[in-house]
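K.L.:
Input: one structure, supplied below.
Protein chains: 2
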Amino acid sequence: MENTSKIIAAVPLFSGLPDEQINELAAIAKVKNLDRGEAIFTEGDVADGFYVVISGKVKIYKMSLEGKEKILHIFGPPEPFGEVPVFTGKQFPAHAQAISNSRLLFFPREAFIKLVSENPSLALNMLAVLSFRLRQFAAQIEHLALKEVPARLASYLALLSEEQSNRRTVTLSISKGQLASLLGTIPETLSRILSKMVQHNLITVNGRSIQLDDLEGIHALSENGKLLDS
Amino acid sequence: MENTSKIIAAVPLFSGLPDEQINELAAIAKVKNLDRGEAIFTEGDVADGFYVVISGKVKIYKMSLEGKEKILHIFGPPEPFGEVPVFTGKQFPAHAQAISNSRLLFFPREAFIKLVSENPSLALNMLAVLSFRLRQFAAQIEHLALKEVPARLASYLALLSEEQSNRRTVTLSISKGQLASLLGTIPETLSRILSKMVQHNLITVNGRSIQLDDLEGIHALSENGKLLDS
DNA sequence: TCCTTACCTTGACTTAAATCAAAAAAAATG
DNA sequence: CATTTTTTTTGATTTAAGTCAAGGTAAGGA
Chain A
0 MENTSKIIAA VPLFSGLPDE QINELAAIAK VKNLDRGEAI FTEGDVADGF
50 YVVISGKVKI YKMSLEGKEK ILHIFGPPEP FGEVPVFTGK QFPAHAQAIS
100 NSRLLFFPRE AFIKLVSENP SLALNMLAVL SFRLRQFAAQ IEHLALKEVP
150 ARLASYLALL SEEQSNRRTV TLSISKGQLA SLLGTIPETL SRILSKMVQH
200 NLITVNGRSI QLDDLEGIHA LSENGKLLDS
Chain B
0 MENTSKIIAA VPLFSGLPDE QINELAAIAK VKNLDRGEAI FTEGDVADGF
50 YVVISGKVKI YKMSLEGKEK ILHIFGPPEP FGEVPVFTGK QFPAHAQAIS
100 NSRLLFFPRE AFIKLVSENP SLALNMLAVL SFRLRQFAAQ IEHLALKEVP
150 ARLASYLALL SEEQSNRRTV TLSISKGQLA SLLGTIPETL SRILSKMVQH
200 NLITVNGRSI QLDDLEGIHA LSENGKLLDS
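Top to bottom, those sequences are chains A and B.
Counting in numbering that gives the first Met the number 0, the first sequence runs without a single skipped number right up to 229 at its last residue.
Counting in numbering that gives the first Met the number 0, the second sequence runs without a single skipped number right up to 229 at its last residue.
What follows is the structure, encoded as structure tokens:
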């Protein structure tokens with residue numbers, strides 16, 4: 000319990016809350032351990048609560064009619080997911096699966112709503128988190144709709160570099176096939192674009208590790224999105 | 000003031016709130032009247048509050064580098080918009096413009112946040128609204144990423160029919176050019192797909208009014224998205 | 001280490017949709 | 001009602017990216 004409180008206090012979603020509320024949250028939270036590949040919930044399941052990633056990685060995805068998987072999001076610590084249907088009181092709109100061995104916190108719906116309705120500051124935190132998420136989604140739409148695949152890939156690499164403390168060499172936490180799905184394309188196309196980027200001396204690829212040789216060029220590509228043949 | 004209270008009470012965002020809070024909201028709200036084409040805010044503006052549409056229509060859009068406008072959303076009464084940056088405390092992430100003469104309510108940020116932090120039920124309402132919005136966005140991404148233009152158009156028509164109380168003839172509230180942008184395509188393509196749908200006896204088009212002759216077929220198209228040439 | 005399985009790459013081809021250009025239709029303006 | 005202006009349609013062409021098919025590479029298990 001003591002342990003759980005410490006973990007919860009470190010989650011941005013709950014940052015700035017008084018100890019008392021952290022403890023109340025800890026009291027209702029349940030720890031879940033998952034193996035790589037294990038399903039967390041399935042599209043259509045009634046949402047009985049939401050999750051926070053403590054360690055590992057989780058993917059949120061949809062299946063198309065042809066059976067192809069389209070990844071909407073990948074969450075790592077300390078991000079929450081599945082919060083949306085908790086407030087609309089509906090089913091989960093997509094599937095969630097652990098893509099590496101993971102440890103999650105689960106917050107049951109009823110108990111959590113009770114806490115929120117008694118704690119305006121928790122409610123405001125939740126509002127900020129949802130708002131932020133909304134913004135991310137809008138950015139994603141913008142990318143899918145306004146930009147072509149090379150630009151999306153370039154943005155993703157730039158984002159990864161930021162996340163991994165501006166290193167010049169970033170490491171993919173997912174397979175290239177999964178990355179293709181996340182970028183709204185297919186492995187073949189991703190592969191071709193990566194090799195074009197190598198030809199243009201923008202990057203050097205080595206398995207899952209990608210060296211960003213020309214950050215400036217990568218940023219330019221993420222904006223104007225043109226990558227000529229050679 | 001009395002007037003404003005009544006309007007506010009009818010907005011779903013504020014439904015179920017006690018009279019007292021409705022009056023407090025009315026006290027901080029400002030009415031704004033806009034002409035067709037007038038700008039409401041611009042991408043990058045500091046978000047000093049959010050809006051609720053009382054009458055008319057508002058479009059939320061982004062500009063691409065080539066100067067093409069990409070519509071993200073169209074809001075009519077009684078929908079709120081611009082709430083997101085109010086909670087993240089940032090700038091507006093897109094442009095907003097009235098597409099017909101409109102009347103809006105404006106809620107200033109500081110005063111509204113104060114109200115929310117004092118009223119858990121208002122906070123829960125906001126959470127539900129944001130969650131719902133998030134869900135819509137996710138659905139939009141799903142459409143843009145997973146389906147082709149004919150399927151997106153078919154879904155849109157089916158949605159319109161629902162919104163307009165399941166009439167067999169729906170009326171577009173925006174020009175076809177704007178609809179194309181909303182669907183993530185261009186006028187030429189939209190025009191071609193519309194005529195294909197006519198050829199397939201799915202619809203009959205008459206300016207902005209579209210008769211849905213084969214609802215079943217339209218639903219099928221929105222799912223599997225194939226529309227053969229003839 | 002070998003072998004099986006999953007992942008990644010390359011090539012030839014197809015296709016949906018964008019672009020360019022121009023005409024036709026509809027709507028707004030004087 | 002004539003005439004601009006905007007919106008919509010049609011046609012020819014290009015292009016980005018998907019599909020199909022086949023190798024290649026890397027990785028995990030026996």
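Glycine included, C-beta positions come from ideal geometry on N, C-alpha and C.
1. Give the DSSP-derived three-state secondary structure of Ser99/B in the structure shown.
2. According to DSSP, what are the bridge partners of Glu68/A?
3. Which residues in the same chain as Pro77/B place their Cβ atom closer than 6 Å to its Cβ, once the five residues preceding and following it in sequence are excluded?
4. Under 9 Å Cβ-Cβ, which residues of chain B neighbour Arg134/A?
5. Contact defined as beta carbons within less than 8 Å: I believe Phe136/A pairs with Phe49/A. What is the distance between those atoms, to the nearest angstrom?
6. Residues in the same chain with beta-carbon distance under 6 Å from His142/A, minus the five sequence neighbours each way, listed in chain order, please.
7. Can you list the residues of chain A that Gly183/B reaches, using a CB-CB cut of under 9 Å?
8. Give a yes or no on whether 8 Å exceeds the smallest Cβ distance from Met196/A to chain B.
9. Evaluate contact between the stretch 82–97 of chain B and the stretch 202–214 of chain A, counting only Cβ atoms and requiring at least three cross-stretch pairs below 8 Å.
10. Given this structure, state the Cα-to-Cα distance separating Ile70/B from Lys5/B, to the nearest angstrom.
11. May I ask which residues mark the beginning and end of the beta strand (DSSP E) holding Thr170/B?
12. Have a look at the DSSP bridge pairing and note the partners of Tyr155/B.
13. Measuring alpha carbon to alpha carbon, tell me which residue in Val52/B, Gln90/B, Val148/B and Ser160/B is nearest Ser190/B.
14. Using 10 angstroms around the beta-carbon of Gly125/A, count the other beta-carbons present and answer buried if the total reaches 16, otherwise exposed.
15. For a contact defined as C-beta to C-beta under 8 Å, what are the partners of Lys61/B on chain A?
16. Are the CB atoms of Ile73/A and Lys56/A nearer to each other than 8 Å?
17. Check whether the Cβ of Ile73/B sits closer than 7 Å to any heavy atom of the ligand NAD, and report yes or no.
18. Here's the rule I'm using: 16 or more other beta-carbon atoms within 10 Å means buried, otherwise exposed. How should Gln90/A be labelled?
19. Between the stretch 78–85 of chain B and the stretch 40–47 of chain B, do at least 3 Cβ pairs fall closer than 8 Å?
20. Just how far apart, CA to CA, sit Ser14/B and Phe13/A?
21. What three-state label does DSSP hand Ile53/B in the structure shown?
22. Which chain B residues are close to Asn223/A, counting only those with a beta carbon under 8 Å from its beta carbon?
23. So, for Val115/B: in the same chain, excluding its five sequence neighbours on each side, which residues have a beta-carbon less than 7 Å away from its beta-carbon?
24. Along chain A, which residues have their Cβ under 9 Å away from the Cβ of Pro79/B?
25. In chain order, what residues of the same chain have a beta carbon less than 8 Å from the beta carbon of Leu214/B, not counting five sequence neighbours either side?
26. Run through the stretch 164–200 of chain A for me and flag every whole beta strand (DSSP E) of 3 or more residues, listed as ranges in chain order.
27. Which residues of the stretch 94–124 of chain B have a Cβ closer than 8 Å to any Cβ of chain A? Give them in chain order.
28. By the 10 Å Cβ neighbour count, where 16 or more other Cβ atoms means buried, how is Arg35/B classified, buried or exposed?
29. Which of the three DSSP states, helix, strand or coil, is assigned to Phe91/B?
30. What number of angstroms, rounded off, separates the C-alpha of Gln177/B from the C-alpha of Ser221/B?
31. List, in chain order, every chain B residue whose beta-carbon is nearer than 8 Å to that of Lys69/A.
32. In three-state DSSP terms, what is Leu104/A?
33. Spell out whether any CB of chain B is found under 8 Å from the CB atom of Phe131/A.
34. Could you give the distance in angstroms between the alpha-carbon of Thr3/A and the alpha-carbon of Gln20/A?
35. With a 10 Å radius around its C-beta and 16 neighbouring C-beta atoms as the bar for buried, classify Pro17/B as buried or exposed.
36. Distance cutoff 8 Å, beta carbons only. Does Ala137/B sit that close to anything in chain A?
P.N.:
Based on what the coordinates show:
1. Here residue 99/B refers to the residue found at position 100 of the second sequence. Secondary structure of Ser99/B (DSSP, three-state): coil.
2. By one-based count along the first sequence, residue 68/A stands at place 69. Under DSSP, Glu68/A takes part in a beta bridge, and its partners are Met62/A.
3. Position 78 of the second sequence holds residue 77/B. Taken in chain order, the residues that qualify are Val10.
4. Residue numbering aside, residue 134/A sits at position 135 when the first sequence is read from its first letter. By Cβ distance, chain B contributes Val83, Pro84, Thr87, Lys89 and Pro92.
5. Translated into the one-based positions of the first sequence, residue 136/A becomes position 137. Translated into the one-based positions of the first sequence, residue 49/A becomes position 50. Rounded to whole angstroms, the Cβ separation of Phe136/A and Phe49/A is 17 Å, and the two are not in contact under 8 Å.
6. Here residue 142/A is taken as the residue at index 143 of the first sequence, counted from 1. So the list reads Arg151, once near-sequence residues are dropped.
7. If you number the second sequence from 1, residue 183/B lands on position 184. Those within 9 Å of Gly183/B in chain A are Ile140, Leu143, Ala144 and Leu145.
8. Sequence index remark: in the first sequence, residue 196/A carries index 197 (1-based). Interface flag for Met196/A against chain B is unset, since no Cβ pair is found closer than 8 Å.
9. Taking 8 Å as the limit for Cβ pairs, the verdict is that the stretch 202–214 of chain A does not touch the stretch 82–97 of chain B.
10. Taking the first residue of the second sequence as position 1, residue 70/B is located at position 71. Taking the first residue of the second sequence as position 1, residue 5/B is located at position 6. Computed Cα separation, rounded: 31 Å.
11. As a first step, residue 170/B is located in the second sequence; it is residue number 171 there, counting from the start. Unbroken beta strand (DSSP E) run through Thr170/B: Thr168 to Thr170.
12. Working through the second sequence from its first residue, we reach residue 155/B at position 156. In the DSSP output, where bridge partners are listed per residue, Tyr155/B has none listed.
13. By one-based count along the second sequence, residue 190/B stands at place 191. That would be Val148/B, whose Cα lies nearest to the Cα of Ser190/B.
14. For the purposes of this step, residue 125/A is taken as residue 126 along the first sequence, with counting starting at 1. Strictly speaking, residue 125/A in this sequence is Met, with Gly absent from that position. Buried, because 16 or more other Cβ atoms sit within 10 Å of the Cβ of Met125/A.
15. Residue numbering aside, residue 61/B sits at position 62 when the second sequence is read from its first letter. Correct list: Glu141 and Leu145.
16. If you number the first sequence from 1, residue 73/A lands on position 74. If you number the first sequence from 1, residue 56/A lands on position 57. A contact, by the Cβ cut-off of 8 Å.
17. Ligands are entirely absent from the displayed structure, and the ligand NAD is therefore not among its contents.
18. Position 91 of the first sequence holds residue 90/A. If you draw a 10 Å sphere on the C-beta of Gln90/A, you find fewer than 16 other C-beta atoms in it, and that means exposed.
19. At 8 Å Cβ cutoff, the stretches touch.
20. On the second sequence, residue 14/B is found 15 positions in, with the first residue counted as 1. On the first sequence, residue 13/A is found 14 positions in, with the first residue counted as 1. Distance between the alpha carbons of Ser14/B and Phe13/A: 28 Å.
21. Taking the second sequence and counting its residues from 1, the one referred to as residue 53/B is at position 54. Reduced to three states, the DSSP call for Ile53/B is strand.
22. Residue mapping note: residue 223/A aligns to position 224 of the first sequence, counting from 1. For Asn223/A, the neighbours in chain B by C-beta distance under 8 Å run, in chain order, Leu64.
23. Position 116 of the second sequence, counted from the start, is the residue given in the question as residue 115/B. Excluding sequence neighbours, Val115/B sits near Leu121, Ala122 and Met125.
24. Within the second sequence, residue 79/B is the residue found at index 80, counting from 1. In chain order: nothing, as chain A lies at least about 12 Å away.
25. Translated into the one-based positions of the second sequence, residue 214/B becomes position 215. Cβ within range, chain order: Ala157, Ser160 and Arg167.
26. Entirely contained in the stretch 164–200 of chain A, the beta strand (DSSP E) runs reaching 3 residues are, in chain order, 168–170.
27. The stretch 94–124 of chain B vs chain A, Cβ under 8 Å: Ile112, Val115, Ser116, Glu117, Asn118, Pro119, Ser120, Ala122 and Leu123.
28. As a position in the second sequence, residue 35/B is number 36, starting the count at 1. Exposed is the call here.
29. As a first step, residue 91/B must be located in the second sequence, where it is residue number 92. Residue state, collapsed to three classes: coil.
30. For this step, residue 177/B is matched to residue 178 along the second sequence. For this step, residue 221/B is matched to residue 222 along the second sequence. If you take the alpha carbons of Gln177/B and Ser221/B, they lie about 20 Å apart.
31. Position 70 of the first sequence holds residue 69/A. Against chain B, the beta carbon of Lys69/A has neighbours under 8 Å at Glu141, Ala144 and Leu145, listed in chain order.
32. Residue numbering aside, residue 104/A sits at position 105 when the first sequence is read from its first letter. Correct three-state label for Leu104/A: strand.
33. What you label residue 131/A is simply residue 132 of the first sequence in a count that begins at 1. So, interface residue.
34. As a first step, residue 3/A must be located in the first sequence, where it is residue number 4. As a first step, residue 20/A must be located in the first sequence, where it is residue number 21. So the two alpha carbons sit approximately 13 Å from each other.
35. For the purposes of this step, residue 17/B is taken as residue 18 along the second sequence, with counting starting at 1. Burial call: exposed.
36. The residue labelled residue 137/B in the question sits at position 138 within the second sequence. Output row for Ala137/B: interface = yes.
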